[in-house]
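J.:
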Amino acid sequence: MMVGIARLLMRVATRSLGETHREWAWAMQAELQAAVDDKRPVRFALGCVVAAWRQMPGQDEGRFILVNYALALGLLVPMAALQLTCAAGFPLLPFGGAAAVAPGTLQQLYLADAHSAAMPALLALWLLLAAGHFRLAWLLLEHEWARLVQSAALVVAASATLVVFTAVLFLDGTGANLQLMLLPVEVAAIYRSARWHERLIANAAARFPAR
Amino acid sequence: MLSLLDMLSRDGRRWRHGYELMAETGIRSGTLYPLLMRMTHQGLVEAEWRQPELPGRPARHVYRLTVAGSALAQEARNEAHDLIPKGAATA
Chain A
0 MMVGIARLLM
10 RVATRSLGET
20 HREWAWAMQA
30 ELQAAVDDKR
40 PVRFALGCVV
50 AAWRQMPGQD
60 EGRFILVNYA
70 LALGLLVPMA
80 ALQLTCAAGF
90 PLLPFGGAAA
100 VAPGTLQQLY
110 LADAHSAAMP
120 ALLALWLLLA
130 AGHFRLAWLL
140 LEHEWARLVQ
150 SAALVVAASA
160 TLVVFTAVLF
170 LDGTGANLQL
180 MLLPVEVAAI
190 YRSARWHERL
200 IANAAARFPA
210 R
Chain B
0 MLSLLDMLSR
10 DGRRWRHGYE
20 LMAETGIRSG
30 TLYPLLMRMT
40 HQGLVEAEWR
50 QPELPGRPAR
60 HVYRLTVAGS
70 ALAQEARNEA
80 HDLIPKGAAT
90 A
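Chain order of the listed sequences is A and B.
Each residue of the first sequence is one higher than the one before, starting from 0 at the first, in numbering that gives the first Met the number 0.
Each residue of the second sequence is one higher than the one before, starting from 0 at the first, in numbering that gives the first Met the number 0.
(1) Can you tell me where the alpha helix (DSSP H) with histidine 40(B) in it begins and where it stops?
(2) CA-CA distance, valine 2(A) and leucine 1(B)?
(3) Take leucine 8(A) and list the residues in its own chain whose beta-carbon comes closer than 8 Å to its own, dropping the five residues that flank it on each side.
(4) Label tryptophan 23(A) either buried or exposed according to how many other C-beta atoms from any shown protein chain fall within 10 Å of its C-beta, with 16 as the threshold for buried.
(5) Looking at the unbroken alpha helix (DSSP H) that takes in glutamate 22(A), where does it start and where does it end?
(6) How is arginine 6(A) classed by DSSP in three states: helix, strand or coil?
(7) With 9 Å set as the bound, which would you pick, yes or no: does the beta-carbon of valine 48(A) sit closer than that to a beta-carbon of chain B?
(8) Going along the stretch 52-73 of chain B in order, which residues come within less than 8 Å of chain A, judged by CB to CB distance?
(9) Buried or exposed: where does tryptophan 125(A) fall if 16 or more other Cβ atoms within 10 Å of its Cβ makes it buried?
(10) Could you tell me whether the Cβ of serine 28(B) comes closer than 9 Å to any Cβ of chain A?
(11) Establish whether the CB of aspartate 37(A) and some CB of chain B are separated by less than 9 Å.
(12) Between leucine 147(A) and glutamine 50(B), what straight-line distance do the alpha-carbon atoms span, to the nearest angstrom?
(13) Compare the C-beta of alanine 26(A) against all C-beta atoms of chain B and say whether one is closer than 9 Å.
(14) What residues of chain A sit near histidine 16(B), judged by a beta carbon separation below 8 Å?
(15) Counting contacts by CB-CB distance shorter than 9 Å, is arginine 53(A) in contact with chain B?
(16) Is histidine 142(A) helix, strand or coil by DSSP?
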């Protein structure tokens with residue numbers, strides 16, 4: 000159990016150290032067995048995580064990783080949470096599936112059946128957007144740019160569909176509009192991150208031409 | 000850093016594993032590795048990979064002072080010696 004936790008922490012340390020300190024990450028990992036023999040693997044691994052995090056702000060690659068985590072945890076995951084809240088139709092929030100048409104009117108009676116029929120599709124769209132945002136956050140942290148572009152395209156398409164859907168059904172589109180407004184910010188941030196990563200790789204290749 | 004310099008300068012320039020340095024200096028891994036990284040970058044410490052002593056174990060990094068590191072350790076020792084009052088040293 001403790002060894003498992005220590006190995007997990009070592010993975011965090013390795014990922015945090017990045018490519019420029021890869022050899023140091025291997026050096027730390029190689030010492031883990033000595034820490035296991037000494038019955039202090041978690042303490043050692045925690046120290047390695049601290050060591051890795053202490054290096055991060057001082058180097059370009061470390062700052063890149065920190066910015067990516069901030070983007071994932073500060074923008075993409077909250078957006079996914081917003082979609083989930085919309086899907087759950089949380090009653091205290093102004094957005095969700097509420098109709099924009101006044102209740103009790105003839106228009107509302109006319110649309111009631113359409114709303115009921117549309118709810119499963121709307122729910123699926125919100126859930127798809129939530130899953131899409133979680134996936135975007137994960138792929139961003141993994142630097143999987145090709146798959147990230149595919150997922151971003153899916154999120155953009157789902158967002159556009161959602162806006163059209165809510166407009167056609169006279170539903171309150173606050174949540175969908177907010178999603179649409181933040182989408183360019185998300186795409187721009189991901190694009191900047193991808194370019195930054197590209198520059199880091201180019202710099203690393205220039206520094207270590209034989210690798 | 001001084002305790003690490005002192006430890007690395009003992010027994011000449013013997014190669015030491017990271018965990019051995021932790022155990023001997025009492026410095027934790029969160030402090031030791033940033034120090035080793037910085038000292039290696041500054042040319043005070045050199046590192047190399049050693050084949051495992053037991054089968055199934057990974058290759059390990061070992062460290063020792065460079066000539067510049069040994070000179071700095073000697074300088075630090077001399078300065079520390081000068082700071083001790085003469086009476087205290089003989090008492």
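Ideal Cβ positions, reconstructed from N, Cα and C, are used throughout, including at glycine.
T.: In terms of the structure at hand:
(1) That run of the alpha helix (DSSP H) goes 28-40.
(2) 32 Å
(3) In the same chain as leucine 8(A), and ignoring 5 residues on each side of it, the C-beta atoms closer than 8 Å to its own belong to Val41, Ala44, Leu45, Cys47 and Val48, in chain order.
(4) buried
(5) 21-36
(6) helix
(7) Contacts with chain B at 9 Å (Cβ-Cβ) include valine 48(A).
(8) Arg56, Pro57, Ala58, Arg59 and His60
(9) By the neighbour-count rule (16 or more Cβ atoms within 10 Å), tryptophan 125(A) is buried.
(10) It does; some Cβ of chain A falls within 9 Å.
(11) In terms of beta-carbon proximity, aspartate 37(A) lines the interface with chain B, with at least one pair separated by less than 9 Å.
(12) 40 Å
(13) yes
(14) Glu30 and Ala33
(15) yes
(16) coil
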